[in-house]
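Chemist: My questions will all concern the structure given below.
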Amino acid sequence: MPLSLCRSGRPSRSGRLSRSRRRLTASVRRRRASPRPSGRPLVAKVLMAAVLAGAFVAQAAGALLPDVPLLLAATAVSLAVEGVLYRWQPGMLSLLATSHADVTVRHVLRDLLLVVGLLRLGEHGREQQFGWPVAGLLACYALHCAIQAVSVLVRRTRTLPVLTRNIDASALRLSPAPAAPLRRPGHRLLLLGLPTTAGLATAAVTGEALPAAAGTAVSVALAAAGLGALLVRLLPSRRPAGEQEVLDWFDAWLADYRPTVGLYFSGGVSSAYQANMWLETMSRLEGRPVVILRERFMVARIAATDLPVVCLPKVSTLMRLEHSTLRVLIHPSNSGKTSQVLRIPTIKHAFVNHGESDKLSSCNPYAKAYDEVWVAGPQARERYARAAVGVEDKDVVEIGRPQLDSVRPRSGPPAAGARTTVLYAPTWEGWDGHPGNTSVVAAGENLVRALLADPAVRLLYKPHPLTGSVQPAAGAADRRIRELIRAASRERPAASAQPARSAPELERLTAELDRLTAAGVREGADQVERMLAQSAPPPGRAEAVARATAAWEEAYWASLPVDEHQIVTGVRPALYSCFNAADLLISDVSSVISDFLASGKPYAVANTSGLSEEAFRAGFPTVAAATVLTPDAGGVPALLETVRHPEKDELADARAELKLRLMGPDEPTSQERCNAALRGLYAAALHRGAHGEQAGAQRHPRPRRLTEDLLPGVPGQPGVPGQPGLPGQRRDSGAGAGTGTAADAEGPVTPPSRSGPPV
């Protein structure tokens, strides 16, 4: 059964439905048969819930008996559990809130039981003695509710329709966020209620009402001060700019910056890497690039960059781009919100994907929604043709892979007596759960054991960050592989485990790189505070980050013992840095092997699909120059021999040929081809706009477009003389130097340079 529609003609509709049903049924069966994940988190949650419930039961018993030691001990335990939940078990807090046992209910119950215990202790008539503390307690909770209501109003004033990074937004009257306890009801009750609880507990020991009154007075004072601090933020002079004012500011920024090309991204929490891999390429593009996001949380997840970043959560705000100079959007992924930006008629769209492979996702039918599909080389063009998903050949543009400029070509085999560094970088299980997607489950442990059995091998294990997110069996296999590697490292001779002399240098470079890439905001800052702190970056920051990253990577590899196995899971070192450190790659059918071909080094692919080797190679063109390994890893020793002895490597010429088919020629460079593709699409956008205006003018004359009235100097507005940046003009031509016409748009067009002065 074929694993991907990319490798064959388009099947019939009934065939596709039948195949989908079989895959769904098989996936359900595999999920049922998969081992359950580790029960430790579940046990911890059940234990915390049981201890909390037991503490409340004990506190009730201590209040009713009455028993002061039991009452105080149970109160202390319940407060300690609250702290543990907020620090280490936030998911349990959500579960309690769903069960209507939220933080307010728990605190009221805790204090109410203390009051009951106080009233049952000692002689009669204590109700009058403790009347004022009880009144103060009620006032404290009333103030808590008031703070919650006002904090909601403050949060609404600080929820702006546009979020930015690397843009000076000081005109919007931004300010730091309120203190965390004023914004988070759980933390607020813990802190503000602590004096009251302590006072009531002390009163239970002493039998006097004064400690209880003092404790509640302190809580009331703190709550009143917090409420006042929030109310001040609602004053017109203290609030950030309103929605319309922010939108007007954003329009003015678009008119001043005049973006020409953008990176459009929408995705989940773990998908930011898909946009991050294109940031450096975007920074080297001609014109004035901008990053456009749709989710608010994504602003903080985009990697360090000097590019202006804007987040437009609402569709109505996104539509304002129609009246800007933006003419090209580059899409590294598909999402549900992509269709919203495709409605803007003045923008052309190019799909670049976040990696190319023989998997189905690399020839998604959604790609036909874009004006062009930018691919690495001829192989991807043929993949779309075979898939027959509606992408026409004329809309496919080969640009290479600009990100691979940092991948160094092979310099030769490992030196005699040196370790052979093997990078095992499997992909994840995928949404469909097909066994051929990842080798982690069926072959991962065998591959790792075979590699660790060779004393001359140093293993680098870099699993995909999504491993185990769909199939628990993949996550369990990943954990077992890590334990195998740790055990092998412990068994290495002690002399080889000594740290290298460059470790102090690595610490210094780590601190320097962290300083350059730090968000520059305090913990607990909200989005508006981040927007204030991350304004226009200092000049030269991007170059400084690039130099610091290169120096850090060099020091990182130098600091490691030459024969120590490594598990690489963090952001640093990056995958391409691992490429440079490795002599051999073992992976699955994914973009990892396509990118690794840029090095010219040997690579192997694990075949866990159930297909024969011949069918596997025929079905996946990127495997053509690879050594195919079976799940039992029996071919690993022979594979290592080909790495150490190039004369035994029979696939070297095939790798060079496959690299040309996958990546295209080395000249012109990939960045140059990317810029050429941008110029072509930019010209097409101007050409479409010019013809649309001419056709409308012939049908019925009308006033100039809104963009001509609001944005003087916008490229591509025919009939507006003397505007810098129009097709066919130099940016420094000056007023009256020439007039852009529709004919100009038909020739080669270069998006305006970022170095030109704003109009």
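One point on numbering: in the working numbering, the residue at position 71 of the sequence shown is 937, and numbering is uninterrupted.
Where is the CB? At the ideal position from N, CA and C, for every residue including glycine.
None of these values were measured; they are calculated from a predicted model.
1. Please list, in chain order, all residues of the same chain as Trp1144 whose beta carbon is under 8 Å from its beta carbon, the five residues on each side excluded.
2. Could you work out which residue in Glu1533, Leu1151, Leu1048, Arg1315 is closest to Gly1092 when comparing CA atoms only?
3. Helix or strand or just coil, what does DSSP make of Arg1203?
4. Would you kindly work out how many angstroms separate the C-alpha atoms of Ala1416 and Ser1443, rounded to a whole number?
5. Give the straight-line distance between the Cα atoms of Gln925 and Thr941, rounded to the nearest whole angstrom.
6. Check Tyr1469 in the structure and name its three-state DSSP category.
7. In or out: Thr1435 buried (at least 16 other Cβ within 10 Å) or exposed?
8. Check whether the Cβ atoms of Ala1070 and Leu937 lie closer than 8 Å to each other.
9. Exposed or buried, Phe1462, counting other C-beta atoms within 10 Å across all chains shown (16 or more means buried)?
10. With distances taken from CA atoms, which of Asn1032, Ala1005, Arg1510 is nearest Ala1284?
11. Does the Cβ of Gly957 have 16 or more other Cβ atoms within 10 Å, making it buried, or fewer, making it exposed?
12. Taking only three categories from DSSP, how would you classify Thr1063?
13. Between which two residues does the beta strand (DSSP E) holding Arg1324 run?
14. Would you list the one or two residues that DSSP bridges to Gln1432?
15. Tell me the DSSP bridge mates of Arg1510?
16. Secondary structure at Phe1217, three-state DSSP: helix, strand or coil?
17. According to DSSP, simplified to helix, strand and coil, what is Gly1296?
18. Express the C-alpha separation of Asn1473 and Leu1313 in angstroms, rounding to a whole number.
19. For Arg1521, which residues in the same chain have their Cβ closer than 7 Å to its Cβ, ignoring the five residues on either side in sequence?
20. I need the straight-line Cα distance from Arg1260 to Ser1190, nearest angstrom please.
21. How big is the Cα-Cα spacing for Arg976 and Ala1046?
22. If we ignore side chains and look at the alpha-carbon of each, how far apart do Leu951 and Gly1052 end up?
23. Where are the alpha helix (DSSP H) runs, 4 residues long or more, that stay fully inside the stretch 1391-1463, in chain order?
24. Going by DSSP, what residue range makes up the alpha helix (DSSP H) through Val1135?
25. How many Å lie between Leu1477 and Pro1301 at the Cα?
26. Express the C-alpha separation of Ala1470 and Ala1281 in angstroms, rounding to a whole number.
27. Quick one: complete beta strand (DSSP E) runs, 3+ long, within the stretch 1106-1157?
28. Mapping the DSSP letters down to three states, classify Ala1385 as helix, strand or coil.
29. Could you give the residue range of the alpha helix (DSSP H) that holds Val1098?
30. So, are the CB atoms of Val981 and Leu1066 less than 8 Å apart?
31. Is Val1127 near Thr1030, with beta carbons less than 8 Å apart?
32. By Cβ distance below 8 Å, which residues in the same chain neighbour Ala1550 in space, the five residues on each side in sequence not counted?
Modeler: Reading it off the structure:
1. Leu1129, Ile1196, Pro1198, Val1218, His1220, Gln1269
2. Leu1048
3. One point to set straight first is that residue 1203 is Lys, not Arg, in the sequence displayed. Reduced to three states, the DSSP call for Lys1203 is coil.
4. Taking C-alpha positions only, Ala1416 is separated from Ser1443 by approximately 9 Å.
5. 6 Å
6. strand
7. Exposed, because fewer than 16 other Cβ atoms sit within 10 Å of the Cβ of Thr1435.
8. yes
9. Of the residues assessed, Phe1462 falls on the buried side of the cut-off, its CB having 16 or more other CB atoms within 10 angstroms.
10. Arg1510
11. Burial state of Gly957 is exposed, judged by a 10 Å Cβ sphere holding fewer than 16 other Cβ atoms.
12. helix
13. 1323-1327
14. Leu1326
15. Beta-bridge pairing links Arg1510 to no other residue.
16. strand
17. coil
18. 12 Å
19. Excluding five sequence positions before and after Arg1521, the CB atoms of its chain that fall closer than 7 Å to its own CB belong to Leu1463, Gly1466, Ala1491, given in chain order.
20. Note that residue 1260 is Lys in the sequence shown here, rather than Arg. C-alpha separation (whole angstroms): 28 Å.
21. 23 Å
22. 11 Å
23. 1393-1399, 1407-1425, 1441-1447, 1457-1462
24. First-last for Val1135: undefined, no H or E at that position.
25. 11 Å
26. 21 Å
27. 1127-1131
28. coil
29. Secondary structure note for Val1098: its alpha helix (DSSP H) is the uninterrupted segment 1076-1098.
30. yes
31. In this structure, Val1127 sits away from Thr1030, with a CB-CB distance that is not shorter than 8 Å.
32. Lys1214, Asp1237.
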